[in-house]
Structure formats: C-alpha cells, structure tokens
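**Student:**
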Ligand SMILES: N[C@@H](CCC(=O)N[C@@H](CS)C(=O)NCC(=O)O)C(=O)O
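In the UniProt record's numbering, the protein residues as written are 1 to 212.
(1) Within 10 Å of its beta-carbon, does residue 161 have 16 or more other beta-carbons around it, so buried, or fewer, so exposed?
(2) So residue 178 and residue 208 are in contact, right, with Cβ under 8 Å, and what is the actual spacing, rounded?
(3) Let me know if residue 182 comes out buried or exposed under the rule of 16 or more other beta-carbons within 10 Å of its beta-carbon.
(4) Following the continuous alpha helix (DSSP H) through residue 145, name the residue where it begins and the one where it ends.
(5) Taking 6 Å as the limit between beta carbons, can you name the residues of its chain near residue 28, skipping five residues before and five after?
(6) Which residue or residues does DSSP assign as beta-bridge partners of residue 6?
(7) Using only alpha-carbon positions, find the residue among 24, 22, 16 that is nearest to residue 30.
(8) With 16 other CB atoms within 10 Å as the buried threshold, where does residue 98 fall?
(9) Using C-beta distances below 7 Å, list every residue in its chain close to residue 76, excluding the 5 sequence neighbours before and after it, in chain order.
(10) Counting only the same chain and skipping the five closest in sequence on each side, list residues whose C-beta sits under 8 Å from that of residue 1.
(11) Inspect the CB distances between the segment 125–140 and the segment 98–117 and report whether three or more fall short of 8 Å.
(12) Can you name the start and end residues of the beta strand (DSSP E) that residue 62 belongs to?
(13) Measuring only from the beta carbon, is residue 38 closer than 7 Å to any heavy atom that is part of ligand 1?
(14) Any heavy atom of ligand 1 closer than 7 Å to the CB of residue 51?
(15) For residue 100 and residue 66, I'd like the C-alpha separation in whole angstroms.
(16) Beta-carbon separation of residue 186 and residue 212 under 8 Å?
(17) Can you give me the C-alpha to C-alpha distance between residue 206 and residue 163, rounded to a whole angstrom?
(18) Please list, in chain order, all residues of the same chain as residue 210 whose beta carbon is under 8 Å from its beta carbon, the five residues on each side excluded.
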C-alpha cells in the first residue's frame, strides 16, 4: 500500500497509527502541504478534493480518513480497533467524531489560509481561533473520559481503539497551536501512555522522512 500524506497532517497521522497498530507495511508518499502540492493536478487526479490522505492499494484508491480507518478495520480485523459490542462501538465512534467532525475540520490548513490570506486575520488571532475549538472539544472529551469508570489506560478500555487514532494527532496539533494541555490531565496521560507503544512512536510527525 502507498500512503499519500504529509508528516504534520493530522488525518495522515491517524491512518499511520492504524496501519502501524495493525502491523501493515506501507510506503509513505509525501505531499508537501506547505507548498500546496495537494492542489496540483497530479494529486487531484488521486483525490479531486485536494486533501490528504489517500491510501492506494493494488485495486483501490481510498480517501477520507474516517472511511480509510473503517476499511482497514473491516479488511484487517486482527488487532481490532473497535469494541465487540454495538454500544462500545457507538461510544468509540462518537468520541472519534468529536475530533474528526467537530475539531479538526475548522482548524484545517485551507480554513486557516482563508483566515490569513482572504480575511487578513493576524497570526496571533488564527492561533486563538484554533485554541478556541480545540479547547471546546477537549473540555467535553475530558469530562466524558473522567465519567467513564470502566476506562483503562486508553479512551475506551485497556487497548487502543479508533479514538486514539484521532486523539493523538489532535494533541500534537493542540501543542503546536499553544493549547495549555495541563487543563486536560486524562488526555495528557493517554497521550503519554500511547507514546510508550512503538506503533505510535513510528507514526509521530517528527519520525517521518518528510519532517522539516
Ligand atoms: N475529512 C478529510 C479531511 C482531510 C484533510 O483535511 N486533510 C488536510 C491535512 S490534515 C489537508 O489535506 N489539507 C490541505 C488543505 O487544507 O489545503 C479526512 O479526514 O481525510
């Protein structure tokens, strides 16, 4: 498989984590977002949306990280990233969607570039914008995690699920935008615990070949 992505892209990071947790080999194909390579015709031929990641298999061109994660789960069910019961799966998908639907999309590069270049928003205010939406989501997530008395070392139970595929990249992004993570001790502890696992270490932005 070939993963078209970028070291700092949270959605590419999600897919790297899932591939690594499932022990799947893949080749990283760098699409430099800082140079807008995602908007070039060669990449748009892979994904007309001009967004990474794209996962290419022998037969398929997969796009949209939530769909890619679900496809990986269905195609490679060993080392499952979803609970066995439907209530558990609902919870994992809901916690994932808090990040995937409600935090990440409004802090994405194209949104921030629009604020910067078309609305002339200063960099400090762009940072405040990102902090605002990350804090909103993390406050609710931290509360939900605190209320879950059956939670182990991860967001759901004792092993990583899809939630960590979403959460760990979002924590990386939160730090980049200067969010005070001390307000979220459970999220911080989960992030720390994940970074004891090789799958997460290997997926880290700083460990990618295209890292600056
Ligand atoms: N919903 C899409 C979002 C993909 C996405 O936003 N990718 C970002 C990187 S994290 C991107 O390619 N941004 C380029 C841009 O904003 O121009 C997914 O989850 O795959």
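Idealized CB from N, CA, C, for every residue including glycine.
**Tutor:** Let's see:
(1) Counting Cβ neighbours within 10 Å, residue 161 comes out buried, since at least 16 surround it.
(2) About 22 Å separates the beta carbon of residue 178 from that of residue 208, a gap too long to meet the 8 Å contact definition.
(3) When all chains shown are included, residue 182 counts as exposed.
(4) That run of the alpha helix (DSSP H) goes 123–147.
(5) Result list for residue 28: 3, in chain order.
(6) Looking at the DSSP output, residue 6 sits in no beta bridge, so it has no partner there.
(7) Check the Cα spacing between residue 30 and each of 24, 22, 16: the tightest is with 16.
(8) Result: buried.
(9) Short of 7 Å from the beta carbon of residue 76, and not among the five residues preceding or following it, lie these beta carbons of its own chain, in chain order: 22, 24.
(10) Result list for residue 1: 19, 24, 25, 26, 27, 55, 56, 57, in chain order.
(11) These segments touch.
(12) 61–63 is the extent of the beta strand (DSSP E) around residue 62.
(13) Answer for residue 38: yes, Cβ within range of ligand 1.
(14) Taking non-hydrogen atoms of ligand 1 into account, the C-beta of residue 51 is found less than 7 Å away from one of them.
(15) Looking at the two C-alpha atoms, the distance is approximately 8 Å.
(16) Not a contact, by the Cβ cut-off of 8 Å.
(17) About 21 Å.
(18) Closer than 8 Å at the Cβ level, and outside the excluded window around residue 210, lie 6, 7, 28, 30, 32.
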